[in-house]
Amino acid sequence: MLGPFVLRSRLLSLALGGGVLIFNPVSAQEPVAPAAEQPPAAAAENAAGPITGGGQRSFSGPTEKPKAKKSFWETVPSIQPYPRAGNFNNAPTGPGYYTILDAVRGNLLKDRPKNPYLQWGQNPNPFFNVDFRYLDAPDNKEHFAFDSLKRIHLTDNLLFSTGGELRDRFATIQNPALFNRNPGAGSRDNFNLFRTRIYGDLTYRDDLRLFAEFITAESSNQTIPLAASDVGRADFLNLFVQAKVATLNDEGVYLRAGRQELLFGSQRLIAPSDWANVRRTFQGLRGSWQGKNFEQDLFVVQPVVPDPGKISSVNGDQLFVGEWFKYRFSKNVSTDLYYLYLENGSPTAAKGRGGVTGSSGIHTIGNRFVGEKNGLLWDFENAIQFGRYANQQTLAGISVTGVGYYFKDLPASPTVWAYYDYASGDPHPGVGDTHHTFNTLFPFGHSYYAGLDSFGRQNLNDFHLEASLFPWNWLRIQGGYHILRLDQPKDALYSTSGGVVRQDTTGKAGTDVGQALTGAVQFHLDNHQSIVVQYSHLFSGDFIRNTAVNRDAAKDLSALWVQYTAKW
Numbered sequence: 006m007l008g009p010f011v012l013r014s015r016l017l018s019l020a021l022g023g024g025v026l027i028f029n030p031v032s033a034q035e036p037v038a039p040a041a042e043q044p045p046a047a048a049a050e051n052a053a054g055p056i057t058g059g060g061q062r063s064f065s066g067p068t069e070k071p072k073a074k075k076s077f078w079e080t081v082p083s084i085q086p087y088p089r090a091g092n093f094n095n096a097p098t099g100p101g102y103y104t105i106l107d108a109v110r111g112n113l114l115k116d117r118p119k120n121p122y123l124q125w126g127q128n129p130n131p132f133f134n135v136d137f138r139y140l141d142a143p144d145n146k147e148h149f150a151f152d153s154l155k156r157i158h159l160t161d162n163l164l165f166s167t168g169g170e171l172r173d174r175f176a177t178i179q180n181p182a183l184f185n186r187n188p189g190a191g192s193r194d195n196f197n198l199f200r201t202r203i204y205g206d207l208t209y210r211d212d213l214r215l216f217a218e219f220i221t222a223e224s225s226n227q228t229i230p231l232a233a234s235d236v237g238r239a240d241f242l243n244l245f246v247q248a249k250v251a252t253l254n255d256e257g258v259y260l261r262a263g264r265q266e267l268l269f270g271s272q273r274l275i276a277p278s279d280w281a282n283v284r285r286t287f288q289g290l291r292g293s294w295q296g297k298n299f300e301q302d303l304f305v306v307q308p309v310v311p312d313p314g315k316i317s318s319v320n321g322d323q324l325f326v327g328e329w330f331k332y333r334f335s336k337n338v339s340t341d342l343y344y345l346y347l348e349n350g351s352p353t354a355a356k357g358r359g360g361v362t363g364s365s366g367i368h369t370i371g372n373r374f375v376g377e378k379n380g381l382l383w384d385f386e387n388a389i390q391f392g393r394y395a396n397q398q399t400l401a402g403i404s405v406t407g408v409g410y411y412f413k414d415l416p417a418s419p420t421v422w423a424y425y426d427y428a429s430g431d432p433h434p435g436v437g438d439t440h441h442t443f444n445t446l447f448p449f450g451h452s453y454y455a456g457l458d459s460f461g462r463q464n465l466n467d468f469h470l471e472a473s474l475f476p477w478n479w480l481r482i483q484g485g486y487h488i489l490r491l492d493q494p495k496d497a498l499y500s501t502s503g504g505v506v507r508q509d510t511t512g513k514a515g516t517d518v519g520q521a522l523t524g525a526v527q528f529h530l531d532n533h534q535s536i537v538v539q540y541s542h543l544f545s546g547d548f549i550r551n552t553a554v555n556r557d558a559a560k561d562l563s564a565l566w567v568q569y570t571a572k573w
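Quick note: the sequence shown uses our numbering, first residue 6, plus one each step.
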């Protein structure tokens, strides 16, 4: 099972030693270099100009270099700014080494490079929102490997970009996904997940955009059944056309039609789910209008169901409609207001009163307020759900309260958080007129609940402490501690996709899911490559032990991942 990972690790080691990796042939940014030697008098005059009799320095020219005229292409195409997720931290800035390659070469940079691939090794941001527009700035001085593939001006009005990703992740997991059926319950699983993504982006001025992204994803053999998102051979992740249909208050209004990823807000409810080998995508229409301080989005889509053997198609039973509004009070403070509706017309979508099955239609109304000021961090999100659930009505909700602090001036710039996440459950499943279990919709599950990929935001409460620091600008360390409890003992523990993981309908198994520890280390090799090592461990509580089908299924869930990513 370790063969593919060991082979790639050896190739990586050889490449580091021989300079074969996709390292930048030039520095990402002007390095900080000592000034050329001058005679003392000349140096003083050049530094401050001659001193006049009145003690004031006179200057023969302007006090600062005139700014270059902004290019039309610096704002094209329109790109959605990446929103802050939960547990966010601030990337380092100022002079430093931002990659291991820079540190080895002694390439001390004045500030953080603009390269958008450098931010995080785990980056859910869709390729169509990765911002390389700075390359068209007349005064841009940052140049990276593969810049020649971006912002290619085919004509004065036609722009083309291409790029992609290679990713390989090795995993060794004890009691994976808390799988609770024989055979396989409580087993240990060792496997590799590998994927390739390639995209092409063609833009005609600000009027028309064609975007296509291809993905192929593979998995080695696993002990338990493969997840639907583990394998996807020769498929389209994105395939859409976007047109500018109007201008309001000097800002463009755009309509996008086709297959497209969606990412909004904290990603607790809508995200591409980048940790999955096959990212989540949708198919339909999206309208967008954004200005300096606001974003307004409307969409009508259907989720795409991954199919390992052919081009995936939509789930015809489901319709997902939404309105998402973001307003920025300042650079670091914003609020989200949203309305979402998920229709599932399958006759077995919901199991209501007395075990009667039927369709469902769930409305979600929510708000998020997130920001930072003078080191203080906050993240508050609340949502309520209502609608129909087979032969019942739905009334459910979530509430997230997070407060943290960013110690900017301390060594390693640590960030700490304290959070409480609440997601409602049903005290009497299948009884009465009202269903109280929250529907998790389409979240980025790995970012929450200790990264164990086994828990969804349904009938689950999580008190957790988070911390992160940057010992060097090219190294990020994160850690978290979680106390996990079911909201209602008779309701189930649900997966990130909303499926039942385990349940005791009598409630006698209790609500104690357990306590979890997680830690991750992220290395930036160069401006395009990163390695992430993560370990998570759930110390099983009474609920896990009491619902196990055998002794192995009662064990702690522990997982180690090692992931290598290269983007170009």
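C-beta: ideal position from N, C-alpha, C; glycine also. Just so you know, these numbers come straight off a predicted model, no measurement behind them.
G359 and Q307 have their alpha carbons spaced roughly 30 Å apart.
Secondary structure at E79: helix, using DSSP grouped into helix, strand and coil. Excluding sequence positions up to five before and after L244, its CB lies within less than 6 Å of the CB of A217, G263 and R264, all in the same chain and listed in chain order. Membership of D467 in the beta strand (DSSP E) is indicated by the continuous run L465 to W477.
Secondary structure of I229 (DSSP, three-state): coil. A distance below 8 Å separates the beta carbons of S278 and F449.
Within the model, the alpha-carbon separation for Q323 versus L347 is close to 7 Å. With fewer than 16 neighbouring CB atoms inside 10 Å of its own CB, A248 falls in the exposed class. Ranked by how close their Cα comes to the Cα of S339, the residues G357, G237 and Y87 have Y87 in first place.
For A108, the enclosing alpha helix (DSSP H) covers residues I105 to R110.
Within 10 angstroms of the beta-carbon of Y332 lie fewer than 16 other beta-carbons, which makes it exposed. Every unbroken stretch of the beta strand (DSSP E) spanning 3 or more residues and falling wholly within the segment 474 to 508 is given here in chain order: 480 to 491 and 505 to 507. One thing to note: L114 has its Cβ no nearer than 8 Å to the Cβ of P97. Comparing alpha-carbon positions, the option among R202, D302 and D206 lying closest to L164 turns out to be D206.
G392 is classed as buried because its beta carbon has at least 16 other beta carbons within 10 Å across all chains shown. Within the same chain, and ignoring the five residues on either side of D509 in sequence, the residues whose Cβ sits closer than 6 Å to its Cβ are T552.
Between the alpha carbons of S365 and G435 lies a gap of roughly 14 Å.
In the structure shown, Y122 adopts helical secondary structure according to DSSP, grouped into three states.
When DSSP states are grouped into helix, strand and coil, Y332 belongs to the strand group. Inter-segment contact for the segment 516 to 533 and the segment 482 to 498 is present: three or more beta-carbon pairs are separated by less than 8 Å. Under the three-state reduction of DSSP output, F196 falls in the strand class. F299 and F330 have their C-alpha atoms roughly 7 Å apart. Put simply, of A525, Q493 and G270 the residue whose alpha carbon is nearest the alpha carbon of E471 is A525. One alpha carbon belongs to P419, the other to W477, and they sit about 12 Å apart. Here the segment 127 to 146 does not lie against the segment 178 to 194, with fewer than 3 beta-carbon pairs under 8 Å apart.
Spanning the alpha carbons of S271 and S76 requires a straight line of approximately 32 Å. Sequence-distant Cβ neighbours of G292 in its own chain, meaning closer than 6 Å and more than five residues away, are L260 and L303.
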